[in-house]
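Visitor:
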Amino acid sequence: MRALLSVSDKTGLLDFAKKLVANGVSLVSTGGTYQMLTTHSQLPVQKISDMTGYPEILEGRVKTLHPKVHGGLLARRDKPDHMDQLNRAGIETIDLVVCNLYPFAETISRATVTLDEALENIDIGGPTLLRAGAKNFPFVIVVTDPDDYVWVGQELSNNNVTQEMRQMLAHKAFKHVSQYDSNVASYLSSKKDLKLDSMISVNYKKIFDLRYGENPHQNGAAYGFDADSKGVLQADLLHGKELSFNNLLDADAAWRIVTEFDEQTVAVIKHSNPCGLASHKDQREAYNRAFEGDSVSAYGGILGFNRPVTLETVKAMKGVFYEVIVAPDYIPDALDLLKKRRNLRIIRMPSLNYQVGGYDIRSVSGGVLIQNPDLIMDNSQEWETVTEIQPDDRQFKDLEFAWKAVKHIKSNAIVLVKDLCLIGMGAGQPNRVTSVDLAARVAKNKCEGSVLASDALLPFSDNVDLAAKIGVAAIIQPGGSIRDQECIDAANAHKVSMVMTGKRHFRH
20 MRALLSVSDK TGLLDFAKKL VANGVSLVST GGTYQMLTTH SQLPVQKISD MTGYPEILEG
80 RVKTLHPKVH GGLLARRDKP DHMDQLNRAG IETIDLVVCN LYPFAETISR ATVTLDEALE
140 NIDIGGPTLL RAGAKNFPFV IVVTDPDDYV WVGQELSNNN VTQEMRQMLA HKAFKHVSQY
200 DSNVASYLSS KKDLKLDSMI SVNYKKIFDL RYGENPHQNG AAYGFDADSK GVLQADLLHG
260 KELSFNNLLD ADAAWRIVTE FDEQTVAVIK HSNPCGLASH KDQREAYNRA FEGDSVSAYG
320 GILGFNRPVT LETVKAMKGV FYEVIVAPDY IPDALDLLKK RRNLRIIRMP SLNYQVGGYD
380 IRSVSGGVLI QNPDLIMDNS QEWETVTEIQ PDDRQFKDLE FAWKAVKHIK SNAIVLVKDL
440 CLIGMGAGQP NRVTSVDLAA RVAKNKCEGS VLASDALLPF SDNVDLAAKI GVAAIIQPGG
500 SIRDQECIDA ANAHKVSMVM TGKRHFRH
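Under the numbering used here, the first residue of the sequence shown carries the number 20, and numbering increases by one thereafter.
1) Measuring straight from C-alpha to C-alpha, what distance separates A192 and D103?
2) What does the Cβ neighbour count give for Q414, buried or exposed, with the cut at 16 atoms within 10 Å?
3) Is the beta carbon of L268 closer than 9 Å to that of I365?
4) Terminal residues of the continuous beta strand (DSSP E) containing N292?
5) Per the DSSP calculation, C118 is bridged to which residue(s)?
6) Here's the rule: buried if 16 or more other CB atoms are within 10 angstroms of the residue's CB, otherwise exposed. What is W402?
7) If we ignore side chains and look at the alpha-carbon of each, how far apart do I380 and L175 end up?
8) What is the DSSP secondary structure of H59, reduced to helix, strand or coil?
9) Taking the runs of the beta strand (DSSP E) that are 3 residues or longer, which of them lie wholly in the segment 139–189?
10) If you drop the 5 nearest sequence neighbours on each side, which residues of the same chain put their C-beta closer than 6 Å to that of D508?
11) For L485 and V452, which I take to be in contact (beta-carbon distance under 8 Å), what is that distance rounded to the nearest angstrom?
12) Tell me the DSSP bridge mates of A459?
13) Identify whether A309 lies in helix, strand or coil by the three-state DSSP scheme.
14) Are P122 and S27 closer than 9 Å when you measure CB to CB?
15) Using a threshold of 9 Å, state whether the C-beta atoms of L32 and M55 are closer than that.
16) Is the CB-CB distance between A94 and T71 below 9 Å?
17) Output yes or no for whether 9 Å exceeds the beta carbon distance between I67 and S25.
18) Drop a sphere of 10 angstroms on the beta-carbon of M444, count the other beta-carbons inside from all chains shown, and report buried for 16 or more, exposed for fewer.
19) By how many angstroms is the C-alpha of I127 removed from the C-alpha of C466?
20) In terms of residues, what are the limits of the beta strand (DSSP E) holding G443?
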C-alpha cells in the first residue's frame with residue numbers, strides 16, 4: 020500500500036505517519052509536509068518530485084497535478100485495461116490520500132487580508148487530490164480530518180478497512196471540498212450586491228449538537244457559516260445548563276433588538292417577541308421599566324442588555340425567574356450574584372454588534388425561501404408627517420424608539436411606547452385592529468399620551484379610531500394603503516399626529 024500525504028493542518032500527522040509505516044505503508048509527500056516529516060523523524064518518505072520525475076513549479080502551485088499522481092489514484096483496480104495502462108506508463112497505484120486544504124477561511128477572516136493573500140490561499144491541488152481519491156473510494160482511502168487519524172490507523176492495523184468506512188471517508192472528503200469552495204465563492208461575490216443569484220451555495224458547519232430541536236422528538240444542532248462569526252452561537256456560556264434550540268432563538272431575538280439601539284437598552288423576550296423594552300441612562304431603571312411593561316409575561320423570559328450588567332441591576336431582578344441573560348459582559352460582582360441562580364443561563368456575547376450571515380433563509384415544503392436580511396433601519400430625516408399636528412420632541416423620540424421596536428415583533432405588529440418604554444404590544448394576529456386592542460389591554464391605564472407604531476400600513480381608519488380612543492397621541496406607520504387619506508383624515512379629526520416612513524418591517 021502506498022500513501023500520499025499533503026496537508027496544511029499538520030496536527031497529529033507525524034504519529035499517523037508512523038502508524039502507517041508500521042503497517043507496511045510506503046509514504047510519498049509534498050513540500051511543507053515532506054519537510055515536517057523528514058525534519059522530525061527518520062521515516063522513509065519519498066518526495067513528490069522524485070516520484071513524478073518533475074520538480075514543483077510556480078512556488079508550489081503545481082506539484083501534484085501530474086499523471087503519475089492522478090493515474091495512480093483514479094485507476095480502477097478491478098479493470099485489467101486500467102492496470103495495463105498504468106504498467107505501460109510506469110505508474111504505481113496510490114491507495115491512501117491524507118490531505119486537508121489551505122486555511123482559506125482563516126485567512127480571509129483577518130481584517131487586513133489583501134486580495135492577493137486570499138487568492139494565494141485558494142487550494143487547487145488539494146481539492147483535486149481529494150476528489151480523485153474520493154471518486155475512486157472502493158480502492159482508495161481518503162482521510163481529510165486529523166480527528167480520524169487514530170481510528171483509521173487502528174482499522175488499518177486490524178486489517179479491517181470496510182467499504183462502508185471507505186464510503187464514509189469519501190463522503191467527508193467531498194463535504195470538506197464543498198465547504199471550501201463555498202467559502203471561496205462567498206468571498207469573491209460582491210459584498211454590495213444584494214441580488215440573489217440563480218444558484219446559491221449555503222455553507223454551514225456544525226458547531227455543536229443540541230439536546231433536541233424545538234420539541235423533544237426533533238433532532239437539533241447548531242451550524243455556523245463563517246470562521247469569524249461573532250453571534251449567539253459563538254457566545255460564551257458563563258453559567259448554567261447547555262442552551263436549547265428555543266433558548267438560542269430567544270437569546271438571538273434579545274440580542275437583535277438591544278443592539279438596534281445606541282442608548283442603554285434592556286429587553287425582555289418571550290417566544291422571540293419583546294414583551295418588555297426600555298431605554299434609560301441608568302441600567303437599573305431601564306430594567307425596571309422593561310419589566311413593568313408586562314410583568315406577567317416577563318416570568319420565565321430572556322433578558323437582553325446592550326451594556327455590561329451591573330450589580331444594582333441584578334439586585335433589581337430579585338424574585339423574578341429568567342431562563343437566559345444575554346449581554347456584552349458582566350461586572351464581576353454582578354456575575355457572582357447571578358451565578359447563585361441555579362437554573363439561569365448566562366451568556367456573554369463576543370461582539371457589541373448584531374451580526375447575521377449572508378441570507379435570511381426559511382424552510383417551506385419543496386425548498387426554501389431566501390431573502391436579504393432586514394438589517395437597515397429607516398433614516399428618520401426621510402419620514403413625512405402627514406397630519407396637521409406635528410409630533411413634539413418627546414413624541415418624536417418615542418416614535419423613533421417604537422419604530423425600532425416594532426421591527427422585531429411578529430406581524431401584524433403593533434406597539435405602544437411612552438417615555439422610551441414599551442408599554443403594550445400586539446403580535447401575530449390575523450388583523451391589525453386586534454393587535455391594537457391587545458396592545459391596549461397590556462398597557463391598561465398607561466396609554467394616555469403614548470405613541471403607536473405599526474410594522475405595515477394601516478389598512479382602515481378603525482385602527483386610528485381605536486388608537487385615539489385609548490389615548491394615543493402620535494402614530495408611525497409605513498403608509499401606502501389605498502385608504503391612506505381616510506387614515507390621515509381620522510388622525511386629524513382626533514388631533515393625533517401621524518408619521519409615514521415609506522418602509523415596512525414585516526416579520527412572519
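Just so you know, even glycine gets a beta-carbon here, dropped at the ideal spot from N, CA and C.
Guide: This is what the structure gives:
1) Looking up residue 192 in the sequence shown gives position 173. Looking up residue 103 in the sequence shown gives position 84. Taking the straight line joining both Cα atoms gives about 29 Å.
2) Within the sequence shown, the letter at position 395 stands for residue 414. So Q414 counts as buried.
3) Here residue 365 is taken as the residue at index 346 of the sequence shown, counted from 1. Here residue 268 is taken as the residue at index 249 of the sequence shown, counted from 1. No; because the gap between Cβ atoms is not below 9 Å, this pair is not in contact.
4) For the purposes of this step, residue 292 is taken as residue 273 along the sequence shown, with counting starting at 1. 292–298 is the extent of the beta strand (DSSP E) around N292.
5) Walking along the sequence shown from the start, residue 118 turns up at place 99. Its beta-bridge partners are S25.
6) Indexing the sequence shown from 1 puts residue 402 at position 383. It counts as buried.
7) For the purposes of this step, residue 380 is identified with residue 361 of the sequence shown, where counting begins at 1. For the purposes of this step, residue 175 is identified with residue 156 of the sequence shown, where counting begins at 1. Each residue's alpha carbon lies about 43 Å from the other.
8) Along the sequence shown, one-based indexing puts residue 59 at 40. Coil, per DSSP.
9) 160–162
10) Position 489 of the sequence shown holds residue 508. Excluding residues within five positions, none has a Cβ falling inside 6 Å.
11) As a first step, residue 485 must be located in the sequence shown, where it is residue number 466. As a first step, residue 452 must be located in the sequence shown, where it is residue number 433. With a Cβ gap of about 6 Å, L485 and V452 count as contacting.
12) Translated into positions along the sequence shown, residue 459 becomes position 440. According to DSSP, A459 bridges with nothing at all.
13) For the purposes of this step, residue 309 is taken as residue 290 along the sequence shown, with counting starting at 1. In this structure, A309 counts as helix in the three-state DSSP scheme.
14) One-based indexing of the sequence shown puts residue 122 at position 103. One-based indexing of the sequence shown puts residue 27 at position 8. Yes. Within cutoff.
15) The count along the sequence shown starts at 1 and reaches residue 32 at position 13. The count along the sequence shown starts at 1 and reaches residue 55 at position 36. Cβ atoms of L32 and M55: closer than 9 Å.
16) Taking the sequence shown and counting its residues from 1, the one referred to as residue 94 is at position 75. Taking the sequence shown and counting its residues from 1, the one referred to as residue 71 is at position 52. No, these two residues do not count as a Cβ contact at 9 Å.
17) The residue you call residue 67 lines up with position 48 of the sequence shown. The residue you call residue 25 lines up with position 6 of the sequence shown. Yes.
18) The residue given as residue 444 occupies position 425 in the sequence shown. Buried, because 16 or more other Cβ atoms sit within 10 Å of the Cβ of M444.
19) For this step, residue 466 is matched to residue 447 along the sequence shown. For this step, residue 127 is matched to residue 108 along the sequence shown. Rounded to the nearest angstrom, the two C-alpha atoms are 51 Å apart.
20) Position 424 of the sequence shown, counted from the first residue, corresponds to residue 443. 441–445 is the span of the beta strand (DSSP E), which, as asked, contains G443.
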